[in-house]
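Residue numbers (my numbering), protein chains in the order written: chain Y, 887 to 1125; chain E, 887 to 1125. Notes to accompany the following structure.
Number of protein chains: 2
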Amino acid sequence: MVKKFIDEESGKIVEKKVMNAITIDCVIFGFDQGKLEVLLVEHGTGISKGKWGLPGGWIKEDESIDRAANRVLRELTGIEDLYLEQLKAFGDPNRFPLGRVITIGYYALIKKADYDVKAGFTASDAKWYRMDQVNDLIYDHNEILSYSLKHLRNRVRQAPIGFNLLPEKFTLLQLMQLYQEVLNIELDKPNFRRKILKMKLLVDLKEKEKNVSHRAAKLYKFDPEIYKQLTDKGFNFEI
Amino acid sequence: MVKKFIDEESGKIVEKKVMNAITIDCVIFGFDQGKLEVLLVEHGTGISKGKWGLPGGWIKEDESIDRAANRVLRELTGIEDLYLEQLKAFGDPNRFPLGRVITIGYYALIKKADYDVKAGFTASDAKWYRMDQVNDLIYDHNEILSYSLKHLRNRVRQAPIGFNLLPEKFTLLQLMQLYQEVLNIELDKPNFRRKILKMKLLVDLKEKEKNVSHRAAKLYKFDPEIYKQLTDKGFNFEI
DNA sequence: ATAACTTATAGTATATTTGACTACAATACT
DNA sequence: AGTATTGTAGTCAAATATACTATAAGTTAT
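Now the structure itself:
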């Protein structure tokens, strides 16, 4: 791919083999009924028609990459007003079959119930996939996804970001299942409860679940204010 | 900047306003006599002639971005064989005066004494600057630099990047003293030794110090490969 | 109403890790 | 040979984590 570009030295447009195309790819994690899921789209047109991959697309000339990420996600899946965090740029020369394309990965964790997913633009379908049901994705999207998951697992141990995946009011079991699912480990109920409560991070809402077919559990909420106060004192969140 | 690129849908080369140029910029931190410094280069040609900035340059068509980062750094400053970590992509549409250029930031922390700095390629000079003596840099390089510094301060507690400040082969006492200095704490020799060895992060080189006026200590090296394997498994570095 | 079942929560006993400390081994210098 | 310096092994008690048991509090079926 010979490209035209502005040479920094002369200020003129020259042709050289140093240009690259750039895309955005979004990894959106959701949590539902104790399972971690990821949002994928089916390509409706082009060389990847009928295949599934992460929601992604080209960056426009006049938009920042953060804005591009939000736009791409909105166009393909209908999801908007989301805080997308930049993950990493992926730039293997052969990651894209038709030429050199570098992609910048973004990721976010959301509560599925808060967002309506609707396929749009070049996406013929958009669906949540449970992590264990993700098959072959286009290009290097499996690699991007597994990198994201690794990143998520590291971050979720270091900061209580996982709370974003739960409803406002949640039980300790829900929280525990979240960690089990994200970290892919088994936890012990009594021990988990003791550990998390000792952090003094949760607010006891003095409420209980309703309409459940078993003993109702206490409801808690995560209070970002308390978390901020704790971190200011040198608190170390570690699950 | 109208660019040619391969359209994903048709597979043909078309002209559109969605192309971007990509560069690499490297933030190299050095530590010397208790002071943090950063490596800057003076542009010898082009529109920024005579101005200082981070070592950076274009990514070539056939190289990965990691390799590009190492090449750019080598060409401009003579520094090679360095583990550069990807930081973040910066993509404000107006960050570069002559058109849309996205840059991917890389950073590293090195021991100054281990590397010879020699300006090359388009750089007319390359020098270490103490952080408090950095003035106006080209483009958005001040922003990139301050982002890097913030990142570095967070990361030094979470990941073993401090190892880069030691010689390749080091003793456990050297390592301990480094942490004592950086974290401003006192550590217990036997306990530190036990803790760090249990991480299985160090390679025992089966060698000893030489020409020391005391019992020679075993030499170890830090192996980034091992560290990578461990983090993949959910390893948590915490000193 | 009561037995069976599910989930929440309390408690306990054992293993593992940590922190403070002691002892001693190895080497070089005087 | 004696002394100084640093490396390395080990001990012991306290703290913490882990595995497990027991029981309480609801729901549902009979």
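For every residue, glycine included, the Cβ atom is placed at its ideal position computed from N, Cα and C.
L925 of chain Y beta carbon near the ligand MG (any heavy atom closer than 8 Å): Absence of the ligand MG is noted for the structure shown, with no ligands found whatsoever.
Segment limits, beta strand (DSSP E) that includes I910 of chain Y: Residues A907 to D918.
Interface residues of chain Y around D978 of chain E at Cβ under 8 Å? Around D978 of chain E, the beta-carbon contacts reaching into chain Y at under 8 Å are S950.
Along the chain, which unbroken stretches of the beta strand (DSSP E) at least 3 residues long are found entirely within the segment 943 to 1006 of chain Y? Taking only runs of at least 3 residues, the beta strand (DSSP E) segments lying wholly in the segment 943 to 1006 of chain Y are 971 to 976 and 987 to 997.
Between the C-alpha atoms of V877 of chain Y and F917 of chain E, what's the straight-line distance to the nearest angstrom? Lying before the first or after the last residue shown, residue 877 of chain Y is absent from chain Y, which here runs from 887 to 1125.
Between which two residues does the alpha helix (DSSP H) harbouring E1067 of chain E extend? Taken as a continuous stretch (DSSP letters only), the alpha helix (DSSP H) holding E1067 of chain E covers L1058 to L1069.
Anyone know if the C-beta pair for N1050 of chain E and Y969 of chain E falls short of 9 Å? Taking 9 Å as the Cβ cut-off, N1050 of chain E and Y969 of chain E qualify as a contacting pair.
By DSSP, does L1052 of chain E sit in helix, in strand, or in coil? In the displayed model, L1052 of chain E falls within coil according to three-state DSSP, outside both helix and strand.
Measuring only between beta-carbons, confirm whether K974 of chain Y sits less than 9 Å from chain E. Answer yes: the Cβ-Cβ gap between K974 of chain Y and chain E drops below 9 Å somewhere.
Does D1072 of chain E have its Cβ less than 9 Å from a Cβ in chain Y? It is Glu, not Asp, that sits at residue 1072 of chain E in the sequence shown. At least 9 Å separates the CB of E1072 of chain E from every CB of chain Y.
Burial state of M1017 of chain E, where buried means 16 or more other Cβ atoms lie within 10 Å: M1017 of chain E comes out exposed.
In the DSSP assignment, find the alpha helix (DSSP H) that holds E1072 of chain E and state where it starts and stops. Following the DSSP letters along the chain, one finds E1072 of chain E in no alpha helix (DSSP H), marked with neither H nor E.
Using a C-beta to C-beta distance shorter than 7 Å, which residues of chain Y count as neighbours of I988 of chain E? I988 of chain E reaches chain Y at I908 and I951, counting residues in chain order whose Cβ is nearer than 7 Å.
Does DSSP classify L1023 of chain Y as helix, strand or coil? In this structure, L1023 of chain Y counts as coil in the three-state DSSP scheme.
For Y1001 of chain E, tell me which candidate among E:P1110, E:L1116, E:R1080 and E:L925 has the shortest Cα-Cα distance. The candidate whose alpha carbon is nearest that of Y1001 of chain E is E:L925.
For K1004 of chain E, which residues in the same chain have their Cβ closer than 6 Å to its Cβ, ignoring the five residues on either side in sequence? Within the same chain, Cβ atoms closer than 6 Å to the Cβ of K1004 of chain E are found at G964, the five residues on either side in sequence being excluded.
At least one CB of chain E closer than 9 Å to the CB of I827 of chain Y: is that the case? Since the displayed chain Y opens at 887 and closes at 1125, residue 827 of chain Y lies outside it and no answer follows.
Would you report the Cα separation of Q1063 of chain E and Y1015 of chain E, rounded to the nearest angstrom? Distance between the alpha carbons of Q1063 of chain E and Y1015 of chain E is about 25 Å.
Would you check if the distance between the CB atom of E1111 of chain Y and the CB atom of K1104 of chain Y is smaller than 9 Å? Contact annotation: E1111 of chain Y and K1104 of chain Y have beta-carbon atoms that are not nearer than 9 Å.
Mind reading off the beta-carbon distance from I910 of chain E to T1008 of chain E? Whole number of angstroms is fine, and I expect it under 8 Å. Distance from I910 of chain E to T1008 of chain E at the Cβ level is roughly 14 Å; contact not present, criterion being Cβ atoms closer than 8 Å.
Just verifying my parser: in three-state terms, what is the DSSP assignment at E1095 of chain E? Three-state result, E1095 of chain E: coil.
Starting from the Cα of S1010 of chain E, find the closest Cα among E:A907, E:Q1115, E:L984 and E:W938 and give me that residue. Minimum Cα distance to S1010 of chain E is reached at E:W938.
For a test of the three-state rule: what should DSSP assign to D1018 of chain Y, helix, strand or coil? Correct three-state label for D1018 of chain Y: helix.
With which residues is G846 of chain E paired in a DSSP beta bridge? With chain E covering only 887 through 1125, there is no way to say anything about residue 846 of chain E.
Residues bridged to Y1033 of chain Y (per DSSP): Residue pairing by DSSP leaves Y1033 of chain Y without any beta bridge partner.
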